[in-house]
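Here the structure comes first, spelled out in structure tokens, and everything after it is commentary.
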Amino acid sequence: MKFVSTRNINDGVTIREAVFRGLAPDGGLYMPAEQLDLRDLFLRHDENSSFVDIAADMTAALFPECFTGEQARELAKAAFPFSPVLRTLEPRLKILELFHGPSCAFKDFGASYLAGLMEFFLRSEKKRAIILTATSGDTGSAVAQAFHNRESIDVVILYPSGRVSPSQELQLTTVGGNVTALEVQGSFDDCQRMVKEAFLDPSLNEKLPLTSANSINLGRLIPQSFYYAWAFAQVRRELRGDLLFTVPSGNFGNLTAGALAWFWGLPVSRFIAATNRNDVVPEYLQHGFFTPRSSVHTLSNAMDVGNPSNFERLLALFDNDWKRIRTMVLGAVASDEETEETMNSVAAGKDLLVCPHTAVGIRASREALADGLDDEDLVISLATADPAKFPEIVSRVTGREPAIPPSLAEFTKRKKQSVHMEPDTGALKTFLLNNYK
Ligand SMILES: *Cc1c(COP(=O)(O)O)cnc(C)c1O
50 MKFVSTRNIN DGVTIREAVF RGLAPDGGLY MPAEQLDLRD LFLRHDENSS FVDIAADMTA
110 ALFPECFTGE QARELAKAAF PFSPVLRTLE PRLKILELFH GPSCAFKDFG ASYLAGLMEF
170 FLRSEKKRAI ILTATSGDTG SAVAQAFHNR ESIDVVILYP SGRVSPSQEL QLTTVGGNVT
230 ALEVQGSFDD CQRMVKEAFL DPSLNEKLPL TSANSINLGR LIPQSFYYAW AFAQVRRELR
290 GDLLFTVPSG NFGNLTAGAL AWFWGLPVSR FIAATNRNDV VPEYLQHGFF TPRSSVHTLS
350 NAMDVGNPSN FERLLALFDN DWKRIRTMVL GAVASDEETE ETMNSVAAGK DLLVCPHTAV
410 GIRASREALA DGLDDEDLVI SLATADPAKF PEIVSRVTGR EPAIPPSLAE FTKRKKQSVH
470 MEPDTGALKT FLLNNYK
């Protein structure tokens, strides 16, 4: 399959090019050029299919020109030693836990698959690459761990100083080796802008093999579509009515990946785009105006995004048509107070702790269920991070301490190492040119 820029549908590239370029040369984002029909594949699987089974089949179907069936299975097996978990919260509400990977957040799925893809291509070509990525929290740790110790790849991660949780910061800054953390004195939007500008700088890109790994990279986005297919396979035999997915959203990569699965034939009837007060997309869905603005700080800080980078891609899937996107995507907004309320009601009612991002989604899911869905309909709400990634918030709100998974406990023993930087693309350029070839 070929991929095209959201801004120029005539120039098709291979998955290899799309993955290493990150952003298209015209500043657009890569999207599939064709509407593949994977309905038979989706219906071939059921609750007995493993996540690797589905990831392997989708890889082989999407990139037949790159991988044999066997290579696709190897890639999927190596990338996913962890799997999603589907849990029943209420009779018509399930949560899809995506946090059982090394960094305990859903971004492990994309980062790990992308690392596998890049390694596959670089190894065969004997080349090197430098990953440059901005993070509002979880991307960085997922990328750091997915790419740590890969021989042909260096990693540079920009994060906003003081705006990621202490445990997120430790996960970003203690990996070491080929992974460098840049602590930017600004917001996540500054970090994201610096990375975008660096990728669009011709002289920099002539000298360094820069490539991105944040949620604009197609190689991260595509594997996120696999767990929507897996969740569908899990429930498809018991499903009587419509299936909805609720996606706690910031940059809208996760939701766009779900929309891709739908585009390829997954029988989803709606997506609920759940945000915190950074609600430019729900606002667009309601009124038809898209007004990017500075992000505001909330409890669900990995979703504090004022200008979601995947919005252009999501719109492209619906031909930039407001009426069409509204038929498939419903917006929902939760304040910090509502987020806390939901964390508490889940903790009390289900004896389950959830992270604030997951709570934003659960709140939206309950609202949708209370507001007109049929008795037979099922909502699957994505649980994006382990509550233990936000121990301060979870214990303050619920009065209970989340259990720390072993992969997180490891980091608290290590020492932070970061490089301070002004929110200025010139400073980033100088740093890169002085430290890498
Ligand atoms: C990144 C992240 C989100 C938002 O995902 P997008 O793909 O950027 O919309 C939600 N929750 C958590 C925990 C995250 O790390």
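Going letter by letter, the sequence shown gives residues 50 to 486 in my numbering.
Quick reminder that beta carbons are idealized off the backbone N, C-alpha and C, glycines included.
In this text the structure is predicted, and so the values were computed from the model without any measurement.
Relative to ligand 1, the beta carbon of G71 is positioned no closer than 8 Å to any heavy atom. Only residues of its own chain outside the window of five on either side were considered, and among them none has a CB closer than 7 Å to the CB of R445. About 6 Å separates the beta carbon of T108 from that of L124, a gap short enough to meet the 8 Å contact definition.
Residue V317 holds the alpha-carbon nearest to the alpha-carbon of R285 among M50, V443, I58, V317.
If you draw a straight line from the Cα of E218 to the Cα of K465, it comes to about 8 Å. Here P297 carries a strand assignment [DSSP, helix/strand/coil]. Distance from G165 to F158 at the Cβ level is roughly 11 Å; contact not present, criterion being Cβ atoms closer than 8 Å.
L171 and T260 have their C-alpha atoms some 12 Å from each other. Put simply, the backbone Cα of K175 is about 20 Å away from that of V228. Distances between the C-beta of T433 and the heavy atoms of ligand 1 include at least one below 8 Å. Beyond the five residues adjoining it in sequence on each side, N254 comes within less than 6 Å, by CB distance, of no other residue in the same chain. Contact between the stretch 452-464 and the stretch 321-341 is not established, with fewer than three Cβ pairs separated by less than 8 Å. At a Cβ-Cβ threshold of 9 Å, F112 and A104 do not count as neighbours. Straight across, the Cα-Cα distance linking P455 with K438 is about 12 Å. By the beta-carbon neighbour count (other beta carbons within 10 angstroms, threshold 16), P130 is exposed. Rounded to whole angstroms, Q194 and A127 show a C-alpha spacing of 14 Å. Judged by pairs of C-beta atoms under 8 Å, the stretch 221-236 does not touch the stretch 258-272, as fewer than three such pairs exist. Around N393, the same chain offers V446, T447 as residues with beta carbons nearer than 7 Å, after the five sequence neighbours per side are excluded. The count of Cβ pairs closer than 8 Å, one atom from the stretch 405-418 and one from the stretch 347-365, reaches three, so the stretches are in contact.
By the C-beta criterion, the stretch 334-344 is judged not to be in contact with the stretch 395-407, since fewer than 3 inter-stretch pairs fall below 8 Å. At least one heavy atom of ligand 1 sits closer than 8 Å to the Cβ of K156. Under the DSSP assignment, A310 falls in the alpha helix (DSSP H) whose first and last residues are 302-312. In summary, D203 is buried, with 16 or more beta-carbon neighbours lying within 10 Å of its beta-carbon over all protein chains present. In this structure, S173 keeps its C-beta atom at 9 Å or more from the C-beta atom of Y208.
Scanning E246, S358, F100 for the CA closest to the CA of L78 turns up S358.
Cα atoms of S430 and R56: separation of roughly 32 Å, rounded to the nearest angstrom. When C-beta atoms of the stretch 292-304 are compared with those of the stretch 412-428, three or more pairs fall below 8 Å, so the two segments count as touching. In this structure, the beta-carbon distance from L427 to K143 falls below 9 Å. In the three-state reduction of the DSSP assignment, E450 falls in the coil class, being assigned neither a helical nor a strand state. Just so you know, the alpha carbons of P436 and Y162 end up roughly 24 Å apart. As computed with DSSP, N57 is found in a beta bridge with S54. Annotation: the continuous beta strand (DSSP E) that includes I144 extends over 142-146. Sequence-distant partners of L135 (beyond 5 residues in either direction) whose C-beta falls short of 8 Å from its own C-beta, in its chain, are K143, I144, L145, E146, A280, Q283, V284, I429. Taking the Cα of G61 as reference, the smallest distance to any Cα among G71, P81, L249, R141 is reached at P81.
By the criterion of a C-beta distance shorter than 8 Å, A476 is surrounded in its chain by M470, once the five residues flanking it on both sides are discounted. In the DSSP assignment, F320 is bridged to F294, V378.
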